[in-house]
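Down below is the structure, laid out as structure tokens.
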Amino acid sequence: MRSVRRRRGSDRRRGADGHQSGSMDRWLITYSDLITLLLIFFVIMYAMSKVDVAKFETLTRSLAAALHSSNQVQMHDLGTTGLVVPANPTNQGDKTKTGTSTHSDPALDHLYSEVSAYIATHHLQGNVSIENQPRGVQITLRDVALFDTGQAVLRSDARQLLRGLVPFLQSLSNPILVEGYTDNVPIHTPQFPSNWELSAGRAIDVVHFFANEGIKPDRLAGVAYGQYHPVVPNTTPANRQLNRRVNIVILRNSTDLPLTQNSTTTP
């Protein structure tokens, strides 16, 4: 009887020891899972750091071609879903916004780099910005850097600012579009009955300045957008100041001009 009790007692101890040993080894499973997850994470990070830019741009163009012109995809019984949306839907005049264009053009890319460096070197970031867009390189100047309030005559310091851009504009032969914008505060003067006239006068004054500085007039065009293409809502004085601007766009193609004759007509 005593021997039977000893065996049962030893069996209980072995069972207890075995159970304890299994529990102590469970941390190895958690540790191995953690190591595996870390390995996968670093593999993914490495793969993301080796993105093929050319293939990515090809994919972008393919997706753009597959989408509707409204950048939406029709879904059965669900209407449309916007997979690609403009960076600023209200700003149709700027057409826009990108840091780097998907249309490779070494000359314009170089111009973008040179003008960016010029803006930084001369500490013009507060009044001048630049973007490399699909339509071309866009230089945006706030109206306070160019004109007095309600006026369309370039100030002397504004002429000096624009004169610094002339060598860059003369370094290539692309067409140049000058766009004038205002805020939504109405203007009613004998010279400017509306914001359209004001924005047109400012754009044309910049066009005349560049022509007088030696840029070929046939490269230049001016267009007025008035108050109708704000970059931000006209809800505060600071926002309205951002909307009062002049864009100088060095276009990739002459067909991007507002009025381009692609063919001649005969009577």
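The sequence shown runs 915 to 1181 under the working numbering.
We put the CB at the ideal spot given by N, CA and C, even for glycine.
Predicted model only: the values in this text are computed from it and were never measured.
Residue i vs residue j beta-carbon contact at 8 Å
i     : j     : result
T1054 : R1159 : yes
I1164 : V1092 : no
I1090 : L1060 : no
S1108 : G1064 : no
R1073 : F1123 : yes
E1127 : V1080 : yes
D1119 : V1067 : yes
D1097 : R1056 : no
N1041 : Y1026 : no
G1078 : Y1032 : yes
For residue i, the three-state DSSP class (helix, strand or coil)
i     : result
E1111 : helix
Y1139 : strand
L953  : helix
L1156 : helix
N985  : With a pLDDT of only 43 at N985, under the threshold of 50, the placement of this residue in the model should not be trusted; the figure read from the coordinates follows. In the structure shown, N985 sits in coil (DSSP, three-state: anything other than H, G, I, E or B).
I1162 : strand
L1171 : coil
I1090 : strand
T994  : Low confidence applies here, because T994 scores a pLDDT of 40, under 50, leaving its location unreliable; read the following figure in that light. Note: T994 maps to strand in three-state DSSP.
Any C-beta of chain C under 8 Å from that of residue i
i     : result
G1094 : In the displayed structure, chain C is absent; only one protein chain is listed.
Where residue i falls, given that 16 or more other Cβ within 10 Å makes a residue buried
i     : result
R1116 : buried
A1034 : exposed
Q1105 : exposed
V1051 : buried
Q1039 : exposed
L1076 : buried
D1062 : exposed
D947  : exposed
I1101 : buried
L1083 : buried
P1144 : buried
V1121 : buried
L992  : With a pLDDT of 37 at L992, under the threshold of 50, the predicted position of this residue should be treated as unreliable, and no value is reported.
Close-in-space but distant-in-sequence residues of the same chain around residue i (CB under 7 Å, 5 per side omitted)
i     : result
A1138 : G1094, W1110, S1113, A1114 and A1117
S1043 : T1054
K1049 : The sequence given here has Arg at residue 1049, not Lys. Within the same chain, R1049 has close Cβ partners K1009, V1163, L1165, R1166 and D1170.
P1147 : N1153
S1070 : none
Same chain only: Cβ atoms within 6 Å of residue i, ignoring 5 sequence neighbours per side
i     : result
A1021 : L1086
P1131 : A1125
D1023 : none
Own chain, CB closer than 8 Å to residue i, minus 5 neighbours either side, in chain order
i     : result
S1030 : I1044
T1103 : G1064
P1172 : L1091, A1135 and V1137
I1129 : V1080, L1083, Q1084 and I1090
F951  : Sequence inspection shows Leu at residue 951; the Phe mentioned does not correspond to that position. Nothing listed; no residue qualifies.
N1157 : Y1095, T1096, D1097, N1098, Q1141, P1144, V1145, V1146 and N1148
I954  : none
Quiz item: Considering only residues of the stretch 1003 to 1086, which uninterrupted beta strand (DSSP E) runs meet the minimum length of 3 residues and lie entirely inside it, listed in chain order?
Solution: 1042 to 1046 and 1050 to 1056
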